[in-house]
Amino acid sequence: MNIKKITSSIMAIAISCGTVQALNYYSPKHFTAVAEEDEGFSEVTVGNVKYKVYSDHAEVNECSKSAVGEIVIPENVKGINITRINDFAFCECRKITSVVIPGSIKYVGGAAFWGCENLGEAFLPDGLTLIERSTFKDCEKLKSINIPDSVTKIGGDAFDHCISLTSVTIPDSVTEIENGAFAYCKNLRTVKMSSSVRYIDDRSFVNCNSLQSIELPKTVEKIGMNSFQCGNMSSFTVYSDNCEFDKNALLNGTQNGQLVYSGIVYGYEGSTAQQYAEKNGYKFVALKDDTITATTTTTITTTTQKATTTTTATSVTTTTTTVPEKPARKLGDENGDDIIDAVDASNILALYVKYSTSEGDSPTKSELNVCDVDGDSKINAVDASKVLGYYVYTSTSGTKSLAEFIKQ
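With mature numbering (1 follows the signal peptide of the UniProt record, and there is no 0) applied, the sequence shown covers -22 to -1, 1 to 386.
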């Protein structure tokens, strides 16, 4: 498949649907990477791994799907330092169990380990500044991950569905956690948050139903939609006085068919955390010491605001039901968040690029059931275009289903 044609198709979709801005935000950077013309390199295979070797650096390009067990990436090949792991390099290498990445690596590409379902541990080197989009998505047995203190941003869906993760330490260097970064990590119990984080984007920790408490530092400026929709969340502490909350940033169950939060919001008197809690009828407890940090213990006092002395929280508690685990994905909803939007279109494009540029690989039955929206037994730019078009349609109050929209 001609890569330039793929890239042209992607841009045509975005322009025709009027959502270039959305795609620019959600699209993995590998779309740019695969469009570049590679010249002046030799290809070297060592064991199960193929490398691109240039005069001044080398890149991990592809791993055989038959690779088994531990993968140790050397610092150099043919005497040339390996500095990069390319997009999709280990994608769906289902039998590898661990990977050791040397300090010479400065970039790990988008979806590099996506779908490595038996990968139990990964050792990332110091010097990385970004964990790319979908890097470890669907690594269901990933139990431990070290995030180096050089990382400043964790990309969208980076650890989506890493269901064996139980704890994570986000270093103080991290200032942004992108859309869905830890979504559906259902056994994640402990998160030590960066003391410098500013933005926690939509769905960052959605359905992390083992997470019972979280503390966010003074630096946090924005908490996105469904960021902490966690079924067992009971304690939510915000040390920022002026943080912007999406209306549905914090949820843990339902009452009378509505999503609600029945736990306690801790924050300072007069803060936006207090305003958010009172506006939504959530119980608010004021922090007494304004010098508190996210790693110290403090005393608390209950405010006397009318909204916090009602019995709303009690009644909600008795009727709260746990947010259910992720259901089967519906047509077009690639990431399974029950919303069909530009994220899904972008992810379908990623699958299209992946299978169009990889010999011998083909979509799984599950991927076809969700992403082949026009029913031609292929995942391609047409499917992404239809999903993106449907997103525009629903954004302007359209009410038809995706299937009905496609038929019209």
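In this text, a Cβ means the ideal position worked out from N, Cα and C, and glycines have one as well.
Keep in mind the model is a prediction, meaning the values are calculated, not measured.
Excluding residues up to 5 positions away in sequence, N59, I60, P80, G81, S82 lie with their Cβ nearer than 8 Å to the Cβ of E53 in the same chain.
In the three-state scheme derived from DSSP, where H, G and I count as helix and E and B as strand, I384 is classed as helix. V27 counts as buried, since at least 16 other C-beta atoms from the protein chains shown sit within 10 angstroms of its C-beta.
Beta-carbon to beta-carbon, F101 and F137 are separated by about 15 Å, too far to satisfy the 8 Å threshold. In terms of CA proximity to S240, Y260 leads the group Y260, I155, K225, Q252.
Beta-bridge pairing by DSSP links S112 to no other residue. Counting the other CB atoms within 10 Å of its CB gives N187 a total of 16 or more, which places it among the buried residues. Here the alpha carbons of S340 and E95 stand approximately 17 Å from one another. In this structure the segment 181 to 195 lies against the segment 211 to 218, because at least three pairs of beta carbons, one per stretch, are closer than 8 Å. Contact between D127 and A90 is ruled out by a C-beta separation of about 20 Å, above the 8 Å threshold. Out of Q190, A251, N220, the CA that lies nearest to the CA of G231 is found in Q190. Nearest neighbour of K225 by Cα position, chosen from I125, T215, G235, K257, turns out to be K257. Sequence-distant Cβ neighbours of L329 in its own chain, meaning closer than 7 Å and more than five residues away, are P341, E345, C349, I357. In the DSSP assignment, Q190 falls outside any beta strand (DSSP E), carrying neither H nor E. Look at Y254 here: in three-state DSSP terms it is helix. Beta-bridge partners of V184 (DSSP): none assigned. With a cutoff of 8 Å on beta-carbon distance, Y246 and A264 are scored as near each other. In the structure shown, C41 adopts extended strand secondary structure according to DSSP, grouped into three states. With respect to the 8 Å criterion, F19 and V31 are classified as neighbours on the basis of their beta carbons.
For V24, the enclosing beta strand (DSSP E) stretches over residues 20 to 24. Between K121 and I317, the alpha-carbon positions lie close to 29 Å from each other. Exposed is the label assigned to Q386, since fewer than 16 other Cβ atoms lie within 10 Å of its Cβ. In this structure, D354 lies away from K364, with their beta-carbon atoms at least 8 Å apart.
Take the alpha-carbon of R176 and the one of G25: they are about 43 Å apart.
In the DSSP assignment, K28 is bridged to T23, E40. Within the model, the alpha-carbon separation for S249 versus D219 is close to 4 Å. Per DSSP, reduced to three states, the secondary structure at N325 is helical.
Taking the CA atoms as reference points, E48 sits about 6 Å from I74. Excluding residues up to 5 positions away in sequence, V38, N39, E40, C41, G87, A90 lie with their Cβ nearer than 7 Å to the Cβ of A67 in the same chain. In terms of Cβ geometry, T168 and S151 do not form a close pair [threshold 8 Å]. L228 has F206 as its beta-bridge partners, per DSSP.
In this structure E21 is exposed. Its beta-carbon is surrounded by fewer than 16 other beta-carbon atoms within 10 angstroms. The straight-line gap separating the alpha-carbon atoms of V77 and C69 is approximately 13 Å. If the five residues before and after V216 are omitted, its C-beta is found closer than 6 Å to the C-beta atoms of L194, G245, A251, all from its own chain and listed in chain order. Taking the Cβ atoms as the reference, S182 lies roughly 5 Å from A159, within the contact range of under 8 Å.
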